[in-house]
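The structure under discussion appears below in the form of structure tokens.
Protein chains: 2
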Amino acid sequence: MPKIVNHEERREQLAEAVWRIIRREGLEGVSVRSVAEEAGMSLGSLRHYFDSQSALLAFSMQLVAERIKKRIQSLPQDGDPRENIEALIGQIVPLDEDRLAESQIWIAFSTFALTEPELRPLSREIHDSLRDVFRNIFETLAQSQLLKPGLDTELEAKRFHALVDGLLVHGVIASEVVLAEEIAGIVARHLDSLLVP
Amino acid sequence: MPKIVNHEERREQLAEAVWRIIRREGLEGVSVRSVAEEAGMSLGSLRHYFDSQSALLAFSMQLVAERIKKRIQSLPQDGDPRENIEALIGQIVPLDEDRLAESQIWIAFSTFALTEPELRPLSREIHDSLRDVFRNIFETLAQSQLLKPGLDTELEAKRFHALVDGLLVHGVIASEVVLAEEIAGIVARHLDSLLVP
């Protein structure tokens with residue numbers, strides 16, 4: 001009886017293999033060959049799923065983005081608006097090993113995309129969709145009249161986005177010293193500066 | 001008559017060759033071979049200066065750090081404290097092509113260092129020395145009584161540092177849309193939120 005292979009499941013297994021390689025060796029270790037080996041699959045079978053290294057990397061980055069999106073969508077929305085925002089940001093910044101790995105992949109992918117024209121649209125798409133998350137935060141806050149008066153919501157969305165990505169980078173490049181509590185404390189301080197008491 | 005070669009000058013020429021390759025192909029394009037070719041030098045002569053790819057990259061990153069440091073040190077110190085800070089931040093964030101290239105090299109180097117244990121000490125050193133720059137800013141502001149009351153200067157130094165590195169990353173990965181004026185505007189808004197009017 002032939003083995004029934006779930007196509008989507010197999011793609012995800014391959015993406016998991018890519019992540020393990022990235023965490024161990026960096027993006028430069030990712031090749032169609034190394035991923036086939038890591039996933040215990042033949043080169044021919046792998047090429048059936050991804051015909052280039054760029055396609056493989058793009059898929060892995062998309063999976064990271066989807067995971068984060070799913071976590072954000074499953075957050076309860078009925079609590080205190082400020083706590084909702086902190087919970088949302090907590091899904092993006094490296095507060096634990098899993099989110100640290102996602103952050104490393106995002107940074108590595110973004111860097112790789114700088115010199116890979118094929119990957120730039122996805123890199124920009126991810127940047128832009130996170131920008132929209134921050135715009136939504138400030139629109140919701142403004143509608144609920146929780147923002148201090150006189151704030152430029154578009155500018156504040158960009159400022160908060162830059163702060164969060166900066167914390168993400170610091171969490172990755174100085175992970176021994178930039179601790180999770182520190183990141184959470186800086187986000188809390190930033191929100192204090194923006195919201196009415 | 002033998003050609004007199006200035007050792008330091010030659011090292012700088014090599015670093016310039018590394019920068020050109022990084023901007024064109026990314027860090028993955030940098031090898032002892034490609035740098036020798038770019039600099040029009042034999043492989044043997046190059047190995048006289050740098051015996052590994054890591055040594056070459058570390059030197060290039062150090063040169064970027066030194067350039068930024070020199071620009072900061074040559075800034076006038078006698079003006080308005082707020083303008084001094086804006087001028088200082090302007091030496092770090094990608095406001096023009098040169099500083100965009102430096103930012104690209106910093107991001108690429110920091111990413112590369114994640115999987116190259118040899119490069120991690122330098123990566124951390126650069127992170128820590130920039131952290132000190134931000135600590136100094138807030139100590140000076142506190143001494144001049146320019147800070148709004150009740151601020152935690154250590155936390156504010158970390159927050160400003162994360163914001164600036166986030167702007168730097170955005171300037172690099174979304175350079176077509178995150179414009180220099182936007183970066184300057186966000187820095188100005190951040191300072192407004194911290195300083196007494």
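So the protein lines, in turn, are chains A and B.
For the first sequence, counting from 1, position 179 maps to 179 in the UniProt record's numbering; every step adds exactly one.
For the second sequence, counting from 1, position 36 maps to 36 in the UniProt record's numbering; every step adds exactly one.
Quick reminder that beta carbons are idealized off the backbone N, C-alpha and C, glycines included.
Since the structure is predicted, the reported quantities are computational estimates derived from the model, not experimental observations.
In chain B, which residues lie with their C-beta within 7 Å of the C-beta of A:I107? T111
Could you tell me whether the segment 111 to 127 of chain A touches the segment 153 to 160 of chain A, where touching means 3 or more Cβ pairs closer than 8 Å? no
Which residues in chain B sit within 8 Å of A:I173, going by Cβ to Cβ distance? S110, A113, L114, S123, R124, H127
Which of the three DSSP states, helix, strand or coil, is assigned to residue 200 of chain B? Past the boundaries of the shown model lies residue 200 of chain B; chain B is included only from 1 to 197, so the question cannot be answered.
Using beta-carbon positions only, say whether B:S103 and B:L14 come within less than 8 Å of one another. no
If B:Q53 sits next to B:I72, beta carbons under 8 Å apart, how far is it from one beta carbon to the other, in whole angstroms? In fact, because the Cβ distance is near 29 Å, the residues do not count as touching under 8 Å.
Which residues in chain B sit within 8 Å of A:S193, going by Cβ to Cβ distance? Going along chain B in sequence order, the residues near A:S193 (Cβ under 8 Å) are S193.
Counterpart residues of B:L195 in DSSP-defined beta bridges: The partner list for B:L195 (beta bridge, DSSP) reads B:L147.
Drop a sphere of 10 angstroms on the beta-carbon of B:S31, count the other beta-carbons inside from all chains shown, and report buried for 16 or more, exposed for fewer. Classification of B:S31: exposed, given that the 10 Å Cβ count is below 16.
Member of A:E139, A:E12, A:A108 whose CA lies at the smallest distance from the CA of A:V172: With distances taken between Cα atoms, A:V172 lies closest to A:A108.
Would you say A:G90 reaches chain B, if we count a Cβ-Cβ gap shorter than 8 Å as a contact? Judged by the 8 Å Cβ criterion, A:G90 is not in contact with chain B.
With A:N84 as the anchor, note down where its alpha helix (DSSP H) starts and where it stops. 81 to 90
Quick test of your reading: A:M61 and A:I105, contact by CB under 8 Å. State the CB separation rounded to the nearest angstrom. 7 Å
Does the beta carbon of B:G150 come closer than 8 Å to any beta carbon on chain A? no
Spell out a yes or no on whether the segment 109 to 122 of chain B and the segment 179 to 190 of chain B are touching, meaning 3 or more CB-CB pairs, one atom from each, closer than 8 Å. no
Can you grab the Cα-Cα spacing for the pair B:L191 / A:F134, in whole Å? 21 Å
Let's test the definition: count the other Cβ atoms within 10 Å of the Cβ of A:D80 and tell me whether it reaches 16, buried, or not, exposed. Classification for A:D80: exposed.
Determine the closest residue to B:A17 out of B:P197, B:I89, B:E38, with distance taken between C-alpha atoms. B:E38
Out of A:E97, A:P94, A:E116, A:P197, state which residue places its alpha-carbon closest to the alpha-carbon of B:G29. A:E116
May I ask which residues mark the beginning and end of the alpha helix (DSSP H) holding residue 201 of chain A? Only positions 1 to 197 of chain A appear in the structure, and residue 201 of chain A is not among them; the question remains open.
Along the chain, where does the alpha helix (DSSP H) containing A:T153 start, and where does it finish? 153 to 173
What does the alpha-carbon distance come out to for the pair B:P94 and B:R67? In a straight line, the C-alpha of B:P94 is about 14 Å away from that of B:R67.
With distances taken Cα to Cα, identify the nearest neighbour of A:V196 among A:L151, A:G166, A:L147. A:L147
For residue 264 of chain A, go through chain B and note every residue whose CB falls closer than 9 Å to its CB, in chain order. Here chain A covers residues 1 to 197 and nothing more, so residue 264 of chain A does not appear.
For B:A39, the three-state DSSP class (helix, strand or coil): coil
Comparing C-alpha positions only, which one of A:S34, A:P149, A:L75, A:L151 sits nearest to A:L56? A:S34
Name the chain A residues that come within less than 7 Å of B:H48, Cβ to Cβ? One finds nothing in chain A with a Cβ atom closer than 7 Å to the Cβ of B:H48; even the nearest lies about 26 Å away.
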